[in-house]
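Here the structure comes first, spelled out in structure tokens, and everything after it is commentary.
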Amino acid sequence: MDWGIFRHTATLLSGAAVAYLFFLLIIKPILHIVHWIQALSQGTFQEPAATGFLFSGTPIFQKSKQFLYKDLLIQMQILTDKLKQSETDRRTLEKSRRDWLAGITHDLKTPLSYIQGYASMIAAERYNWSEREVKTFGAKIEQKSMHIQKLIDDLNASFQSENGKIALQKTRTEMVEFLRRITLDTANSPRSAEYAFAYETELDTCFLEADTALLQRAMQNILVNAVIHNPPGTEIRVSVSKKPLVFCIQVADNGTGMDEQTRNNLFESYYRGMPTHQPAEGSGLGMAIARQLIELHGGSIRAESAPERGTSILIELPPP
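Okay, here's the thing in structure tokens:
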């Protein structure tokens with residue numbers, strides 16, 4: 001036997017074996033990760049199956065993945081999970097936007113139909129309306145116009161807040177009387193006539209730096225939400241207290257409460273949850289705007305609720 005040929009053949013076989021092992025241990029896992037990245041770029045949010053060229057499912061390949069590229073693969077899985085969740089959230093938000101747009105379109109059409117109807121009645125030459133009737137029609141038109149204006153204001157406020165275009169005009173504000181007045185104004189509103197409001201605090205005074213117009217709007221949105229999402233007879237209680245590092249406001253009711261999905265999405269834009277007990281009066285942005293305005297003040301807001309157990313909105317504002 002020609003030992004030169006044998007050694008040459010052995011060298012070639014050894015080189016081929018080393019190359020094969022190098023491919024399985026180094027190159028194939030890299031190709032697997034590349035395929036994984038390609039799958040992510042195409043919207044497939046899961047690790048591709050380890051099949052294909054040169055026995056990619058062999059134990060050696062699996063071990064090389066587990067040991068040589070363990071940290072990288074863990075990060076790839078974390079990235080995949082985050083992208084998958086982001087895509088789920090995006091689709092949920094898109095559906096919410098479509099549902100919200102359908103709702104807001106309906107809410108705009110309803111008052112517009114009233115305005116058009118009353119305007120047509122006034123303009124009809126075949127009827128001789130009395131002055132009292134004309135005033136009644138005019139009052140209805142004004143009421144529905146104000147409703148449309150409120151919808152537009154909500155849309156504008158939400159857009160400005162989301163894009164950081166709201167500048168706070170803070171002044172030193174006595175919060176106890178400020179919140180008492182907001183609660184009283186809401187309680188005296190005609191739509192609140194069948195609801196029981198209470199205001200509780202052990203504080204005599206408490207001063208904070210606040211934009212009173214924006215903070216008032218946030219509180220009104222929260223109180224009105226408690227009215228329109230609960231049946232007549234519901235008790236709505238506003239409690240004010242102070243902790244060492246925060247000023248606390250609680251708006252609690254003993255109404256119908258919310259399911260988990262509604263509670264988790266309560267402060268999200270474009271979300272409309274459980275049916276209301278009154279005709280639609282808002283844009284579906286009220287609680288999202290409240291959250292945005294509270295956070296602009298450096299505060300936080302959260303909800304605690306369960307079906308048939310009422311709802312509690314908890315607000316914390318920083319000290320001056």
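Just so we're aligned, residue 1 is where the sequence shown starts under the UniProt record's numbering, counting upward by one.
In this text, a Cβ means the ideal position worked out from N, Cα and C, and glycines have one as well.
Give me the Cβ distance between residue i and residue j, rounded to the nearest whole Å; I'm assuming they're in contact under 8 Å.
i           : j           : result
residue 299 : residue 221 : Actually they are not in contact, since the Cβ atoms of residue 299 and residue 221 sit about 14 Å apart, beyond 8 Å.
residue 192 : residue 258 : Not confirmed; about 20 Å, so no contact.
residue 152 : residue 195 : Between residue 195 and residue 152 the Cβ distance is about 27 Å, and since that is not below 8 Å, they are no contact.
residue 179 : residue 219 : 7 Å
residue 170 : residue 142 : Not a contact, Cβ separation roughly 34 Å.
residue 144 : residue 111 : 4 Å
residue 40  : residue 88  : Contact doesn't hold; Cβ gap of about 15 Å is too wide.
residue 157 : residue 289 : 5 Å
Identify, in the order they occur along the chain, each residue of the same chain with its Cβ nearer than 7 Å to the Cβ of residue i, setting aside the five sequence neighbours on each side.
i           : result
residue 275 : Reliability of the predicted coordinates at residue 275 is poor, the pLDDT of 47 falling under 50, and the value obtained from them is presented with this limitation in mind. Excluding positions up to five away in sequence, the list is empty.
residue 84  : 45
residue 187 : 197
Only counting the same chain, and skipping five residues up and downstream in sequence, which positions put a Cβ closer than 6 Å to that of residue i?
i           : result
residue 239 : 200, 250
residue 313 : 222, 251, 303
Short check: CB of residue i to CB of residue j, under 8 Å?
i           : j           : result
residue 47  : residue 75  : no
residue 255 : residue 311 : yes
residue 148 : residue 203 : no
residue 211 : residue 184 : no
residue 267 : residue 317 : no
residue 33  : residue 72  : yes
Please list, in chain order, all residues of the same chain as residue i whose beta carbon is under 8 Å from its beta carbon, the five residues on each side excluded.
i           : result
residue 129 : 121, 122, 137
residue 320 : 172, 207, 208, 209
residue 182 : 216, 219, 220, 223
residue 307 : 256, 257, 258, 259
**Message:** Whether or not the region 245 to 260 and the region 217 to 230 are in contact is what I'm after, with contact meaning three or more pairs of Cβ atoms, one per stretch, closer than 8 Å; do they touch?
**Reply:** yes
**Asked** Hey, which unbroken runs of the alpha helix (DSSP H) at 4 residues or more fall wholly within the region 137 to 188?
**Response** 175 to 187
**Request:** Give a yes or no on contact between the region 207 to 222 and the region 287 to 294, applying the rule of three or more CB pairs nearer than 8 Å.
**Result:** yes
**Message:** Check whether the region 134 to 144 and the region 105 to 121 are in contact - that is, three or more C-beta pairs closer than 8 Å.
**Reply:** yes
**Request:** Any chance you could list the alpha helix (DSSP H) runs of at least 4 consecutive residues sitting entirely within the region 219 to 280, in chain order?
**Result:** 260 to 265
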